[in-house]
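Written below as structure tokens is the structure these notes are about.
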Amino acid sequence: MFDVALAALSPLLALYVRDAYILSYDGLMLAGMYCLVSLIFSLIALAMFGAHDGIPRYFSVHDAINLAKAVLIGELMTCVVLFTVTRLEGIPRSTPVIHALLFGAGLLTARVLAHVAGRERKLAEAPRHVEPEHIILIGLNDLASLYMKILEACAPEQQIVVAVLDEEPRSIGRSINGVRVFGPLSHLQSLIEEFSVHGIRIDRVVVSGEADILSEEGQREIERVCANRNIALEFVPRLFGLQLLAPAEPSADSTRMLAENHGPAPAFVLPAYFRWKPILDFFVALILLISLLPLWILVLSFALIDVGAPVLFWQRRTGLNGRHFLLHKIRTLHSPFDWRGERVADEQRLSWFGRLLRKTRLDELPQLLNVLVGDMSLIGPRPLLLEHQPSPFSVRLMVRPGITGWAQVNGGALLSPKEKEELDQWYIRHASLWLDLRILVLTVLSLIKGDRRSQPRVAAHVSAMPAASLLDDDKSPRPLAR
Numbered sequence: 013m014f015d016v017a018l019a020a021l022s023p024l025l026a027l028y029v030r031d032a033y034i035l036s037y038d039g040l041m042l043a044g045m046y047c048l049v050s051l052i053f054s055l056i057a058l059a060m061f062g063a064h065d066g067i068p069r070y071f072s073v074h075d076a077i078n079l080a081k082a083v084l085i086g087e088l089m090t091c092v093v094l095f096t097v098t099r100l101e102g103i104p105r106s107t108p109v110i111h112a113l114l115f116g117a118g119l120l121t122a123r124v125l126a127h128v129a130g131r132e133r134k135l136a137e138a139p140r141h142v143e144p145e146h147i148i149l150i151g152l153n154d155l156a157s158l159y160m161k162i163l164e165a166c167a168p169e170q171q172i173v174v175a176v177l178d179e180e181p182r183s184i185g186r187s188i189n190g191v192r193v194f195g196p197l198s199h200l201q202s203l204i205e206e207f208s209v210h211g212i213r214i215d216r217v218v219v220s221g222e223a224d225i226l227s228e229e230g231q232r233e234i235e236r237v238c239a240n241r242n243i244a245l246e247f248v249p250r251l252f253g254l255q256l257l258a259p260a261e262p263s264a265d266s267t268r269m270l271a272e273n274h275g276p277a278p279a280f281v282l283p284a285y286f287r288w289k290p291i292l293d294f295f296v297a298l299i300l301l302i303s304l305l306p307l308w309i310l311v312l313s314f315a316l317i318d319v320g321a322p323v324l325f326w327q328r329r330t331g332l333n334g335r336h337f338l339l340h341k342i343r344t345l346h347s348p349f350d351w352r353g354e355r356v357a358d359e360q361r362l363s364w365f366g367r368l369l370r371k372t373r374l375d376e377l378p379q380l381l382n383v384l385v386g387d388m389s390l391i392g393p394r395p396l397l398l399e400h401q402p403s404p405f406s407v408r409l410m411v412r413p414g415i416t417g418w419a420q421v422n423g424g425a426l427l428s429p430k431e432k433e434e435l436d437q438w439y440i441r442h443a444s445l446w447l448d449l450r451i452l453v454l455t456v457l458s459l460i461k462g463d464r465r466s467q468p469r470v471a472a473h474v475s476a477m478p479a480a481s482l483l484d485d486d487k488s489p490r491p492l493a494r
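Numbering-wise (my numbering), the sequence shown opens with residue 13 and increments by one.
Here you go:
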């Protein structure tokens, strides 16, 4: 709710800071349009980058970057729409910049304050009668940072890291989670004595890794100091029951079985078109999102009335280079349980509106957001569920999956899995701008006429593929149920 309020008030504040003249009727209408459009696109952008679930309990640099992306995308979409409709008449040109700064600063400030408030509350709830333990941490790495955060979460003010030692000269004098790196391992004894002078007894020395991250001389020095001063010496992986092992080399038998089951990795160079295709996808998806805004509002409103909240659902799919992402769709099925908690038959869950969305493919609209953030392309092989992937070396994983593709316009659900795979491989080998434009036209025709199997093209493309690339029937992925 804070984000919604900030998205509504920040454009007004930006207009006020810029001294925009809005007292007249025309000025008030233009300012109101700017605020409304800005609110809509700000909320859409926050949802795109996962910031719509409220202020998180844990906030990181990655979250801050996502907030900055959401603010920039929302402001860009606002400016494109308003410039197209009104050419930003009556709105000073610097207003969007001021609005983006105010909105982004407000979002970031709220999350920082929430983090500080949560930390203070945790400290206030911690028991006061426990004498804290003081720890010196050896080694500056990711595991050291995670260990300090775990201590902060589980034992605030009870187990405190007071110093870090590291052999890297450029790390000395820096801080990790507010704790200073004092020097190399040779300074351990003098550092313990220095803390003792100030009334702080070191209870534990913790190494942020296994013993092999230390030199033999450094390990002997740490063991000697800890033994002489009766200080416990511990290793972070062992504290959490972890054993860091080197990855096992694949055996000859496993390599042979993998080759027999899936075949060799594809060995060909992608067409140059795929190098700049993501840029084209981004701008086309942005234009479609803006131009289809009224349709978005209409479809989401009917879906909300029909199936209730939430109106979107996601599925985990496999995309470029085997990376997993969340594919979004509009919900078309009612809940599997009624208000009495009894299970609803599957054939009764799909309503007339859900059937209409599936027939017109409007339930795929949210995938434009997947295109915008780079998980998908407008045109390419349809992304499959994990269990339906034909091979870890499949050619389809060399490119981003698409909302529509060559297989969809040549039969779609009427094709066998093997035929879909071969049509997708043919597209990847022959992709071009003109082929994509042709697929777009055929997609519109298939929406009007429905799926129709193009027997000549299917026969030509499947027979033209090398025999080694064809999938055996018993290894074909099962067809996806819509």
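C-beta: ideal position from N, C-alpha, C; glycine also.
Where the alpha helix (DSSP H) containing residue i begins and where it ends
i      : result
Ala284 : Per DSSP, Ala284 belongs to no alpha helix (DSSP H) and is neither H nor E.
Thr455 : 445–461
Arg232 : 228–240
Leu390 : Careful: Leu390 lies outside any alpha helix (DSSP H), inside the beta strand (DSSP E) at 389–391.
Glu145 : First-last for Glu145: 145–150, but that is the beta strand (DSSP E), not the alpha helix (DSSP H).
Leu177 : Looking at the DSSP string, Leu177 is not in any alpha helix (DSSP H); the run it does join, the beta strand (DSSP E), is 171–177.
Glu101 : No alpha helix (DSSP H) contains Glu101, which DSSP labels as neither H nor E.
Val368 : The sequence shown places Leu at residue 368, not Val. Unbroken alpha helix (DSSP H) run through Leu368: 364–372.
Given residue i as reference, the closest of the options once Cα atoms are compared
i      : options                        : result
Leu504 : Glu434, Gly424, Phe95, Val411  : Since the first residue of the chain shown is 13 and the last is 494, residue 504 is not available in this structure.
Thr344 : Glu354, Thr416, Phe115, Leu377 : Leu377
Glu431 : Arg441, Arg465, Gly414, Met410 : Arg465
Asn153 : Glu87, Val193, Ala82           : Val193
Leu497 : Leu94, Val356, Pro108, Asp75   : Given that the chain is displayed from residue 13 to residue 494, the structure contains no residue 497 and the question cannot be resolved.
Val217 : Leu27, Val248, Leu305, Leu449  : Val248
Ser497 : Met41, Leu113, Val191          : Limits of the chain in this structure are 13 at one end and 494 at the other, which puts residue 497 out of reach.
Met60  : Ile440, Gln379, Pro413         : Gln379
Leu27  : Leu40, Leu454, Arg335          : Leu40
Asp387 : Tyr439, Gly334, Glu433         : Gly334
Val49  : Leu94, Asn78, Met13            : Leu94
Ile415 : Asp448, Val191, Leu426, Ala239 : Asp448
Beta-carbon proximity of residue i to residue j, cut-off 8 Å
i      : j      : result
Leu245 : Glu235 : yes
Leu197 : Leu177 : yes
Val296 : Leu374 : no
Arg241 : Ile204 : yes
Thr330 : Leu459 : no
Asp436 : Gly462 : no
Asp293 : Leu445 : no
Leu282 : Val411 : yes
Trp326 : Leu339 : yes
Ile110 : Arg182 : no
Ala315 : Ile342 : yes
Val407 : Thr455 : no
Phe115 : Leu24  : no
Ala443 : Phe286 : yes
Met160 : Ile188 : yes
Leu120 : Ala82  : no
Leu409 : Leu332 : yes
Beta-carbon proximity list for residue i, same chain, < 7 Å, skipping 5 on both sides
i      : result
Pro491 : Confidence at Pro491 is low in this model, with a pLDDT of 37, below 50, so its placement is unreliable and no value can be given for it.
Val92  : Ile302
Lys289 : Ser389
Leu163 : Gln171, Val173
Arg355 : Pro348, Phe349
Ala179 : Before going on, a small fix: residue 179 reads as Glu here, not Ala. Counting only Cβ-Cβ distances below 7 Å, and skipping sequence neighbours, we find Pro196, Leu197.
Asp358 : none
Chain-order list of residues whose beta-carbon lies under 6 Å from that of residue i (same chain, five-residue window excluded)
i      : result
Val237 : Leu200, Gln201
His146 : Ile172, Val174, Ile212, Ile214, Asp215
Ile150 : Leu177, Val219
Arg450 : none
Leu495 : The requested residue 495 is not part of the displayed model; the chain covers only 13 to 494.
Glu272 : Legend: pLDDT at Glu272 = 47, less than 50; position of this residue unreliable, value from coordinates given subsequently. For Glu272, where only same-chain residues beyond five positions count, there are no Cβ hits under 6 Å.
Val319 : Arg343, His346
Gly86  : Phe53, Ser54, Ala57
Limits of the unbroken beta strand (DSSP E) element including residue i
i      : result
Val193 : 191–195
Gly414 : 414–416
Arg216 : 214–219
Phe337 : 336–342
Thr5   : Here the chain has residues from 13 to 494 only, and residue 5 is not among them.
Cβ-based neighbour list, residue i, same chain, cut-off 8 Å, excluding 5 preceding and 5 following
i      : result
Met89  : Phe53, Ile56, Ala57, Leu298, Leu301, Ile302
Ser208 : Ile214
Val385 : Met60, Phe61
* Are three or more beta carbon pairs between the segment 96–112 and the segment 39–47 nearer than 8 Å? -> At 8 Å Cβ cutoff, the stretches touch.
* To do: Spell out a yes or no on whether the segment 119–126 and the segment 156–171 are touching, meaning 3 or more CB-CB pairs, one atom from each, closer than 8 Å.
  => Flag = no, the segment 119–126 and the segment 156–171 do not touch.
* Stretch-stretch touch, CB-based, cutoff 8 Å, three pairs: the segment 353–373 with the segment 382–400 -> Short answer: they don't touch.
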